[in-house]
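Peer 1:
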Amino acid sequence: MELLRFATAGSVDDGKSTLIGRLLYDSKAIFEDQLEAVERVSAQRGNDYTDLALLTDGLRAEREQGITIDVAYRYFATPARKFIIADTPGHVQYTRNMVTGNSTADLTMVLVDARMGIVEQTRRHAFLASLLRVPHLLVCINKMDLVDYDQAVFDRICAEFTAFASRLDVADLTFIPISALKGDNVVTRSTNMGWYQGTSLLHHLETVYIASDRNLIDPRMPVQWVVRPHAAEYHDYRGYAGRIDGGVFRPGDEVLILPSGLTTTIAGIDTFEGPVEEAFAPMSVTMRLADNIDISRGDMICRPHNKPVVGQDLEAMVCWMTDKPLKVGDFMMLKHTTRWVKAVVRELHYRLDVNTLHRDEGATTLTLNEVGRVALRVTQPLFYDPYRRNRQTGSFILADEGSNITAGAGMLLRPN
Amino acid sequence: METSQSGAVQGQYQLSHLRAIEAQSIHIIREVAAEFERPVLLFSGGKDSVIMLRLAQKAFAPGRIPFPVMHIDTGHNFPEVLEFRDRMVADLGATLVVASVQESIDAGRSTEESGSDPSRNRLQTRTLLDAITDQKFDAVFGGARRDEEKARAKERVYSFRDEFGQWDPKNQRPELWSLYNGRHQGGEHIRVFPISDWTELDVWQYIGEENLDLPTIYYSHQREVFVRDGMLISTGPFVHPRADEEVFKETVRYRTVGDMTCTGAVESSASTVEEIIIEVAASRLTERGATRADDRVSEAAMEDRKREGYF
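So the sequence lines, in the order shown, correspond to chains A and B.
Using this note's numbering, you'd call the opening residue of the first sequence number 13 and step up by one each time.
Using this note's numbering, you'd call the opening residue of the second sequence number 284 and step up by one each time.
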């Protein structure tokens, strides 16, 4: 059984909670005690309906204010797949939460109210999914029951969205007309929309092809930990533990180590269960190498003819996540793969309006929830790939030097 | 193109969902071991901590687990669980730290709750935080899962704790990709939840696949119980049924393992992992909802305890 991670974003009005509630309920991932608790609280508040948003609004502040503040993770499984939902609030002030939810998603689900059509929030969700390079974008045109299941409405919204999406980098775009409330096209095909020839939402989630979304071409393993058992039976054992972030490695492969630039061959790839014949993303393994060379945490194992970019001057799209604004000259800590380095902001090329995609080249700061293109200089070279080629070796986080909080998230671009 | 050279054919190179979340958990455990001075792994003897131990073993094999294991001992344990804890730790050759709630009470750091059969659930927090301070632990691994409880569904994998051990749910660090930020100052620490993305069903499937040993109380057995707060509570040295609480024999098992005073059993004849997987898949109650009095105090009982520094 495969794992699919998907992100959703939205507000109370567009039926997102109803839809998630239905997916969870129909796949038996909501339990009676949870449902009773939600019904009890809904009744206490005087609601005449069961507010399924209460299932995911887990924090006291969220329940008191009736809003979703933070990313909530929900889980369900069907016989075909296991699903992890990153459920995020949709308002512009929660852009950073949407970015967070999308960072690990295989698919982003955008909900559109059929009566309203494409609104600012729709464009923002789609843009953030494309910025984070989520491989699959699913647009659910919801509340079709309220527009008499009219194909013309659906077609018009699809056309408008497609025109907008052409300005983005969207690899796979799918539209499904649904009614989350009535259940049309959610789990099974609706009989109310004979004109729709596609699959139900759940069927799409179960079958969308994700196996080729990982990078299986560029071999990359950032070293996390050096295994040196101080035991008689493993006296000379030295293994390099890490997660494969791209490509495939096999015993006998010639490998290049960065930053030393030395080459050697893979003597063996070990796991707890024993040696394996190949390792690929996202496996966690331990590599043994033929030659005894000095390798430590933060080093990168790759192939002599397939190396990442090595550089200290970085170009990146950055989403800012804290109150104190980013500006040119700021110093901060940067984590990329398994290493922390110090970074300085050299330039802010432009700030991007997440609603209109307008580039403001006169911007001098990035404030909370803003996205912009920046140039950074780091103290030691990073071994990276452009984010669009590899989401693991192409991403970094920024932390404030004083408070240590995570202040920004970056996606690396090809160097100038 | 390296594609043909490496043989990366479409459709191959698939990990099952269990192996994918296992790889993710191992990655987290290694990050923590590498970036922190003094990590410790909390071990209750429950199924989630058994999985944590196995993942830690896998992360560093053939080396040993490079951090100690700590049990917060309420003194109200199921004897089967204590016996199991000692056997597991001995088999692994791990170092066990026991932090005792009774000792915290004796030292005047905690006060036993009043009433008959007081629960020591809440008292664990003081004992845990004192142990973290005394031993200067800066990263504390726990086996909590996001599917367990709605406050936990919002908690980060690396969950920051201030110098008082408090969790601030409104002020959590964003957590993107698999880039974890464990930066902290002296006196602060991070709780780490490597199996955040596992569900109860994943846990049981993994126990089955890995053939993991568990305390016997997870499997169906006969036990003297009585009904309290709608739950089947076992009789024992710390639990005394009142006159109106009728004791009877029932075929039960436990879905979670906690303090004897607040952990309920469920009626069950499931005596193998396979039977439990079927039972869990068909269950209409969450594991904590079915069996934990500690979560029933209020709508936000877990969040409130976590703010104070609970697991």
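Ideal Cβ placement from N, Cα and C applies to all residues, glycine included.
1) State the CB to CB distance for the pair residue 424/B and residue 325/B, rounded to an integer number of angstroms; the pair is presumed to be in contact (CB under 8 Å).
2) Mind listing the chain B neighbours of residue 433/A? Cutoff is C-beta to C-beta under 8 Å, in chain order.
3) Run through DSSP, which three-state label would residue 543/B get?
4) Within 10 angstroms of the Cβ of residue 410/A, are there 16 or more other Cβ atoms? Answer buried if so, exposed if not.
5) Between residue 293/A and residue 31/A, is the Cβ-Cβ spacing less than 7 Å?
6) Go ahead and pull the three-state DSSP assignment for residue 215/A.
7) Tell me which same chain residues have a C-beta within less than 8 Å of the C-beta of residue 293/B, skipping the five on either side of it?
8) Kindly list, in the order they appear in chain D, the residues whose Cβ is closer than 7 Å to that of residue 112/A.
9) Which residues bound the alpha helix (DSSP H) around residue 431/B?
10) Mind checking whether residue 307/A and residue 252/A have CB atoms under 7 Å apart?
11) Determine the contact status of residue 560/B and residue 472/B, defining contact as a CB-CB distance below 7 Å.
12) On the criterion of 16 or more Cβ atoms from any shown chain inside 10 Å, does residue 538/B qualify as buried, or is it exposed?
13) Once you ignore the five residues that flank residue 348/B on each side, which residues in its own chain have a CB closer than 7 Å to its CB?
14) Looking at residue 146/A: is its Cβ nearer than 7 Å to the Cβ of residue 114/A?
15) Assign residue 374/A to one of two classes, buried (16 or more other C-beta atoms within 10 Å of its C-beta) or exposed (fewer than that).
16) Using three-state DSSP, classify residue 508/B as helix, strand or coil.
17) With contact counted as at least three CB pairs below 8 Å, one residue from each stretch, are the stretch 543-552 of chain B and the stretch 511-518 of chain B in contact?
18) How would you list, in chain order, the residues of chain A whose beta-carbon sits under 7 Å from the beta-carbon of residue 595/B?
19) One question on the structure: do residue 4/A and residue 270/A come within less than 7 Å of each other, judged by their Cβ atoms?
20) Enumerate, from N- to C-terminal direction, the unbroken beta strand (DSSP E) stretches of 3 or more residues contained entirely within the stretch 131-209 of chain A.
21) Can you determine whether any heavy atom of the ligand FMN sits closer than 6 Å to the C-beta of residue 467/B, and answer yes or no?
22) Are residue 427/B and residue 435/B touching if we call contact CB-CB under 7 Å?
23) If you run the structure through DSSP and keep just helix, strand and coil, what is residue 313/B?
24) For residue 287/A and chain B, any beta-carbon pair shorter than 7 Å?
25) I'd like to know if residue 301/A contacts chain B, where contact means its C-beta is closer than 7 Å to some C-beta of that chain.
26) Using a C-beta cutoff of 7 Å, does residue 452/B count as contacting chain A?
27) Within 7 Å (strictly less), CB to CB, does residue 303/B reach chain A?
28) Any beta-carbon of chain B closer than 7 Å to the one on residue 294/A?
29) Give a yes or no on whether the C-beta atoms belonging to residue 122/A and residue 98/A are separated by under 7 Å.
30) Please determine, among 326/A, 391/A, 15/A, 366/A, the residue with the shortest C-alpha to C-alpha distance to residue 360/A.
31) Assign residue 391/B to buried or exposed, taking buried as 16 or more other Cβ atoms, counted over all protein chains shown, within 10 Å of its Cβ.
32) Looking at the structure shown, is residue 274/A part of a helix, part of a strand, or coil, going by DSSP?
33) With residue 262/A and residue 245/A assumed to form a contact (beta carbons below 8 Å), what rounded beta-carbon distance in angstroms separates them?
34) Going straight from the alpha carbon of residue 383/B to that of residue 588/B, what length do you get?
35) Exposed or buried, which one is residue 447/B when buried takes at least 16 other CB atoms within 10 Å?
36) Leaving out the 5 sequence neighbours to the left and right, which residues in its chain are closer than 8 Å to residue 388/B when beta-carbon positions are compared?
Peer 2: If we stick to the structure as given:
1) That pair is a contact at about 6 Å.
2) It is not possible to answer for residue 433/A, since the shown part of chain A is limited to 13 through 428.
3) coil
4) buried
5) no
6) helix
7) The predicted position of residue 293/B is uncertain, since its pLDDT is 40 and thus under 50; a value taken from the coordinates is nonetheless stated next. So no residue of the chain qualifies.
8) Absent here is chain D; the protein component of the structure consists of chains A and B.
9) Taken as a continuous stretch (DSSP letters only), residue 431/B belongs to no alpha helix (DSSP H), as it is neither H nor E.
10) yes
11) Not a contact, by the Cβ cut-off of 7 Å.
12) Answer is buried; the Cβ neighbour count reaches 16.
13) 339, 340, 375, 377
14) Closer than 7 Å, so yes.
15) exposed
16) Residue 508/B falls in the strand class under three-state DSSP.
17) yes
18) Past the boundaries of the shown model lies residue 595/B; chain B is included only from 284 to 594, so the question cannot be answered.
19) Since the first residue shown for chain A is 13 and the last is 428, residue 4/A is missing from the structure and cannot be characterised.
20) 148-154, 184-189
21) The ligand FMN is not among the ligands present in this structure, which contains no ligands whatsoever.
22) yes
23) helix
24) no
25) no
26) Closer than 7 Å to some Cβ of chain A, the Cβ of residue 452/B qualifies, so yes.
27) yes
28) yes
29) no
30) 326/A
31) exposed
32) coil
33) With 8 Å as the limit, residue 262/A and residue 245/A do not qualify as a contact, their Cβ atoms being about 26 Å apart.
34) About 19 Å.
35) exposed
36) 394, 395, 406
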